[in-house]
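**Student:** Please read through the structure below; I'll follow up with questions.
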Amino acid sequence: MAGLYFDIITTSQGLVLYFYGYGARIMEIFTKIMTLFEHLSFPFDKFERLNSIIFSGAQQKFGMQPSYFVKTELEDILASETLSIADTIILSEQFEHPDINAFFYDFLNNLHFDILVTGNIPPQDALHILYLLEALFTPNPLMSSQYTGPRALTLQEGSNYFRVQRMPRRERRSAALVYFEGTHTSNLRRKKLLFIIYLILREPLFHELRTKEQLGYVIESDIIASKTILGYYIIVQTERQPHVVHSRIDVFFDNMYKRLLNMSSEDLIPYLEGLDILYYSEPLDIVEETSSIWTNIVDGTYSFQYRGKSTNARPIELREVIQLYEELFYSRKRKISYHSFSTIGADIYNVFDLPLGTLSEYFTTKGQDVSKEQLRELVLLSHDIPSFQTRLFEHLLTKNKDNSTVNSMLNDAFSYLRSLYKLEKEEIIKPLDLIKDLGIFKANATLSSSYVNRALWSKFYK
Numbered sequence: 001m002a003g004l005y006f007d008i009i010t011t012s013q014g015l016v017l018y019f020y021g022y023g024a025r026i027m028e029i030f031t032k033i034m035t036l037f038e039h040l041s042f043p044f045d046k047f048e049r050l051n052s053i054i055f056s057g058a059q060q061k062f063g064m065q066p067s068y069f070v071k072t073e074l075e076d077i078l079a080s081e082t083l084s085i086a087d088t089i090i091l092s093e094q095f096e097h098p099d100i101n102a103f104f105y106d107f108l109n110n111l112h113f114d115i116l117v118t119g120n121i122p123p124q125d126a127l128h129i130l131y132l133l134e135a136l137f138t139p140n141p142l143m144s145s146q147y148t149g150p151r152a153l154t155l156q157e158g159s160n161y162f163r164v165q166r167m168p169r170r171e172r173r174s175a176a177l178v179y180f181e182g183t184h185t186s187n188l189r190r191k192k193l194l195f196i197i198y199l200i201l202r203e204p205l206f207h208e209l210r211t212k213e214q215l216g217y218v219i220e221s222d223i224i225a226s227k228t229i230l231g232y233y234i235i236v237q238t239e240r241q242p243h244v245v246h247s248r249i250d251v252f253f254d255n256m257y258k259r260l261l262n263m264s265s266e267d268l269i270p271y272l273e274g275l276d277i278l279y280y281s282e283p284l285d286i287v288e289e290t291s292s293i294w295t296n297i298v299d300g301t302y303s304f305q306y307r308g309k310s311t312n313a314r315p316i317e318l319r320e321v322i323q324l325y326e327e328l329f330y331s332r333k334r335k336i337s338y339h340s341f342s343t344i345g346a347d348i349y350n351v352f353d354l355p356l357g358t359l360s361e362y363f364t365t366k367g368q369d370v371s372k373e374q375l376r377e378l379v380l381l382s383h384d385i386p387s388f389q390t391r392l393f394e395h396l397l398t399k400n401k402d403n404s405t406v407n408s409m410l411n412d413a414f415s416y417l418r419s420l421y422k423l424e425k426e427e428i429i430k431p432l433d434l435i436k437d438l439g440i441f442k443a444n445a446t447l448s449s450s451y452v453n454r455a456l457w458s459k460f461y462k
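Sequential numbering of the sequence shown, starting at 1, is according to UniProt numbering.
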């Protein structure tokens, strides 16, 4: 329909109907949709088609880019009412036609509306939306047991969880997401402090992990904030093993902590200016303004401060930023990591993580003079372990003419590397609590007094 943008956003608690355009067009399409609600049903002859769409849609999520997959799965873990992708596929196979109309009946008998109208729509049209709802639906008071009360999972202090998911398509790369949950007593000031930490970490994170260490092509970070939850996460799309990603991220946080301790108040000024742009600048258009207002309402934050900077606000100090950083990543750490993989292969180092100094010393004990620099040159000419083995074989063959001797030497060397890799992996993974069954984990988890707005947090905080 010309002059109108219309979107439907599904949430764990219901639907968000979003209209943007001319007021007359909005009223026209809204009236038609409400009429559909009045006679909501689904014919049997169209069920097979719908069931196929639901099943294939859930199944196709496994074909998403790993970085997007782990982000979606983290949201499913945090949002306690939401199923994981694997569980969604299982349930879609058990989906029957009577389930649809039974759901419609329950849905319409427990319907609750939240309405936000912004812009130049006439007051009488805004009231007409409410009157139309009252005319179509008979109001009934909800008992306390009928309130949805959406809440999110919250991690215990000192927790360090680890979840793995094998991807069915082997050509897909792997990805790891590391999430840190902050304090349970969230307020606007602490959200601002977290955003400053995000700004401080964002550029060095990309430079250190992607440009310098070549850890992965996709490196991104973001924050999560609701009424009671603050969180920060990093996503790395990479072929490197989970424990390698963990160790690199831990080193990054340690280095950034030292940098924070050496910062001055003047060094903090550019990040405070970025904070002012986020919280106090005028929205670019009515879409941005509406998204901001709606997010603050459903999250219960109610921070409508973009009209002007508060003169009564106490200036943010570097000491506060350091204190929240210590709490988030060290003293009161609550952590969960999610790793999806398809090409992780055998228990052996990635070619770029090989301990070249140790390997050189090993060859010395076997009477072979292969320096660390020579091994590094072979690594630079390789793209994976098999290609490195081939080049190392050719290098050793120049000094040992017997193929069987070189093959035996290589087999022993890589058996030694596998044992080193296993010990290193166990040392890093051992402190983590593996989540074997996501359903059991969520059933035993603690719920916060609020929830995370899955669909809209990125629109507000970026």
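No residue lacks a Cβ here, since even glycine has one placed at the ideal position from N, Cα and C.
Between Leu230, Glu273, Thr390, Glu317, which lies nearest to Val351 when the distance is taken from Cα to Cα?
**Tutor:** Looking up residue 351 in the sequence shown gives position 351. Here the closest residue by C-alpha is Thr390.
**Student:** Please check the pair Met339 and Pro242, which I expect to be a contact at CB under 8 Å, by giving their CB distance rounded to whole angstroms.
**Tutor:** Translated into the one-based positions of the sequence shown, residue 339 becomes position 339. Translated into the one-based positions of the sequence shown, residue 242 becomes position 242. Inspection of the sequence shows that residue 339 is occupied by His rather than by Met. Correct: roughly 4 Å between the Cβ atoms.
**Student:** Specify the secondary structure class of Leu17 as computed by DSSP and reduced to three states.
**Tutor:** Against the sequence shown, residue 17 aligns to sequence position 17. DSSP places Leu17 in strand when its eight states are reduced to three.
**Student:** Going along the chain, which residues of its own chain have a beta-carbon closer than 6 Å to the beta-carbon of Leu328, five neighbours each way excluded?
**Tutor:** Taking the sequence shown and counting its residues from 1, one reaches residue 328 at position 328. Contacts found: Phe180, Gly182.
**Student:** DSSP has Lys335 in a bridge; who is on the other side?
**Tutor:** Taking the sequence shown and counting its residues from 1, one reaches residue 335 at position 335. Answer is Asn160, Phe180.
**Student:** Compute the Euclidean distance between the alpha carbons of Ile121 and Phe441, then round it to the nearest angstrom.
**Tutor:** Position 121 of the sequence shown holds residue 121. Position 441 of the sequence shown holds residue 441. Going from the Cα of Ile121 to the Cα of Phe441 covers about 47 Å.
**Student:** Give a yes or no on whether the minimum CB-CB distance between Ile286 and chain D is below 8 Å.
**Tutor:** Among the chains of the structure shown, chain D does not appear; only one protein chain is present.
**Student:** May I ask you to report which of helix, strand or coil DSSP gives Asp402?
**Tutor:** The residue given as residue 402 occupies position 402 in the sequence shown. Asp402 falls in the coil class under three-state DSSP.
**Student:** Can you tell me whether Gln65 is helix, strand or coil according to DSSP?
**Tutor:** Numbered from its first residue, the sequence shown carries residue 65 at position 65. In this structure, Gln65 counts as coil in the three-state DSSP scheme.
**Student:** In chain order, what residues of the same chain have a beta carbon less than 7 Å from the beta carbon of Gly231, not counting five sequence neighbours either side?
**Tutor:** The count along the sequence shown starts at 1 and reaches residue 231 at position 231. Tyr179, Phe180, Glu181, Gly182, Ile223, Ile224.
**Student:** Taking all protein chains shown into account, do 16 or more other C-beta atoms lie within 10 angstroms of the C-beta of Tyr330, making it buried, or fewer, making it exposed?
**Tutor:** Reading the sequence shown from its first residue, position 330 is the one you call residue 330. Classification for Tyr330: exposed.
**Student:** From what residue to what residue does the alpha helix (DSSP H) around Ala250 run?
**Tutor:** Translated into the one-based positions of the sequence shown, residue 250 becomes position 250. Inspection of the sequence shows that residue 250 is occupied by Asp rather than by Ala. Counting along the chain, the alpha helix (DSSP H) containing Asp250 begins and ends at 242 to 261.
**Student:** Can you list, in chain order, the residues of its chain with a C-beta nearer than 7 Å to that of Val287? Leave out the 5 residues immediately preceding and following it.
**Tutor:** If you number the sequence shown from 1, residue 287 lands on position 287. Once the five neighbours on either side are set aside, the close Cβ partners of Val287 are Tyr20.
**Student:** Cutting at 7 Å between CB atoms, please list the residues of its own chain near Ile249, excluding the five before and the five after it.
**Tutor:** The residue given as residue 249 occupies position 249 in the sequence shown. If we look at Ile249 and ignore the five residues flanking it on each side, its Cβ neighbours are Val178, Ile234.
**Student:** With DSSP run on the structure shown, which of helix, strand or coil describes Leu447?
**Tutor:** Sequence index remark: in the sequence shown, residue 447 carries index 447 (1-based). In this structure, Leu447 counts as strand in the three-state DSSP scheme.
**Student:** Considering only their Cβ atoms, is the gap separating Ser360 from Leu375 smaller than 8 Å?
**Tutor:** For the purposes of this step, residue 375 is taken as residue 375 along the sequence shown, with counting starting at 1. For the purposes of this step, residue 360 is taken as residue 360 along the sequence shown, with counting starting at 1. Yes. Within cutoff.
**Student:** Alpha carbon to alpha carbon, how far is Tyr280 from Glu273?
**Tutor:** Residue mapping note: residue 280 aligns to position 280 of the sequence shown, counting from 1. Residue mapping note: residue 273 aligns to position 273 of the sequence shown, counting from 1. Cα-Cα distance, rounded: 10 Å.
**Student:** Can the beta-carbon of Tyr161 be found less than 8 Å from the beta-carbon of Lys335?
**Tutor:** The count along the sequence shown starts at 1 and reaches residue 161 at position 161. The count along the sequence shown starts at 1 and reaches residue 335 at position 335. Result yes, Cβ atoms of Tyr161 and Lys335 sit closer than 8 Å.
**Student:** Provide the residue span of the beta strand (DSSP E) that contains Gln237, from first to last.
**Tutor:** What you label residue 237 is simply residue 237 of the sequence shown in a count that begins at 1. Gln237 -> beta strand (DSSP E) spans 230 to 238.
**Student:** Please look up how many angstroms separate the CB atoms of Phe393 and Leu410, rounded, as I've assumed it's under 8 Å.
**Tutor:** Mapped onto the sequence shown, residue 393 falls at position 393. Mapped onto the sequence shown, residue 410 falls at position 410. Indeed they touch by this definition, with Cβ atoms about 6 Å apart.
**Student:** Could you give the residue range of the beta strand (DSSP E) that holds Thr10?
**Tutor:** Within the sequence shown, numbered from 1, the residue matching residue 10 stands at position 10. It spans 4 to 10 - the beta strand (DSSP E) in which Thr10 sits, taken as one unbroken run.
**Student:** Would you mind giving the Cβ-Cβ distance between Ser41 and Val218, rounded to the nearest angstrom? I have them listed as a contact below 8 Å.
**Tutor:** Counting from one through the sequence shown, the residue named residue 41 turns up at place 41. Counting from one through the sequence shown, the residue named residue 218 turns up at place 218. Ser41 to Val218, Cβ: 44 Å. No contact.
**Student:** Could you check where the alpha helix (DSSP H) with Val379 kicks off and where it finishes?
**Tutor:** Reading the sequence shown from its first residue, position 379 is the one you call residue 379. Where Val379 is concerned, the enclosing alpha helix (DSSP H) stretches over 372 to 380.
**Student:** If contacts are defined as beta-carbon pairs under 8 Å, then Phe30 and Leu136 qualify, I think. What distance do you get, rounded to the angstrom?
**Tutor:** For this step, residue 30 is matched to residue 30 along the sequence shown. For this step, residue 136 is matched to residue 136 along the sequence shown. Their Cβ separation, rounded to whole angstroms, is 11 Å, which puts Phe30 and Leu136 out of contact at 8 Å.
**Student:** Check whether the Cβ atoms of Val236 and Leu261 sit closer than 8 Å, and answer yes or no.
**Tutor:** Numbered from its first residue, the sequence shown carries residue 236 at position 236. Numbered from its first residue, the sequence shown carries residue 261 at position 261. Taking 8 Å as the Cβ cut-off, Val236 and Leu261 do not qualify as a contacting pair.
**Student:** Leu324 to Ser264, Cα distance in whole Å?
**Tutor:** Within the sequence shown, residue 324 is the residue found at index 324, counting from 1. Within the sequence shown, residue 264 is the residue found at index 264, counting from 1. When rounded, the distance between both Cα atoms is 17 Å.
**Student:** Put Ile197 into one of helix, strand or coil per three-state DSSP.
**Tutor:** By one-based count along the sequence shown, residue 197 stands at place 197. Helix.
**Student:** Within a Cβ cutoff of 8 Å, which residues of the same chain sit near Glu326, ignoring the five residues on either side of it in sequence?
**Tutor:** To locate residue 326, count along the sequence shown from 1; it is residue 326. Here the set comprises Tyr257.
**Student:** Please state whether DSSP places Val117 in a helix, a strand or coil.
**Tutor:** Locating residue 117 in the sequence shown gives position 117, where the first residue counts as 1. Three-state result, Val117: coil.
**Student:** Could you check the C-alpha separation between Phe95 and Ile53 for me, to the nearest Å?
**Tutor:** The residue given as residue 95 occupies position 95 in the sequence shown. The residue given as residue 53 occupies position 53 in the sequence shown. The straight-line gap from Cα to Cα measures roughly 12 Å.
**Student:** Could you spell out the range, first to last residue, of the alpha helix (DSSP H) harbouring Asp125?
**Tutor:** The residue labelled residue 125 in the question sits at position 125 within the sequence shown. Run containing Asp125: 123 to 136, per the alpha helix (DSSP H) assignment.
**Student:** Using 10 angstroms around the beta-carbon of Leu201, count the other beta-carbons present and answer buried if the total reaches 16, otherwise exposed.
**Tutor:** Against the sequence shown, residue 201 aligns to sequence position 201. Under this definition Leu201 is a buried residue.
**Student:** Which residue or residues does DSSP assign as beta-bridge partners of Thr154?
**Tutor:** Numbered from its first residue, the sequence shown carries residue 154 at position 154. The partner list for Thr154 (beta bridge, DSSP) reads Thr446.
**Student:** Flag this pair as yes or no: are the beta carbons of Leu111 and Met34 separated by less than 8 Å?
**Tutor:** Looking up residue 111 in the sequence shown gives position 111. Looking up residue 34 in the sequence shown gives position 34. Their beta carbons are not under 8 Å apart, which means Leu111 does not touch Met34 by this criterion.
**Student:** Helix or strand or just coil, what does DSSP make of Arg203?
**Tutor:** Looking up residue 203 in the sequence shown gives position 203. In the sequence on display, residue 203 carries Glu and not Arg. Correct three-state label for Glu203: helix.
**Student:** Less than 8 Å separating the beta-carbons of Gly23 and Asp125?
**Tutor:** Within the sequence shown, residue 23 is the residue found at index 23, counting from 1. Within the sequence shown, residue 125 is the residue found at index 125, counting from 1. Yes, these two residues count as a Cβ contact at 8 Å.
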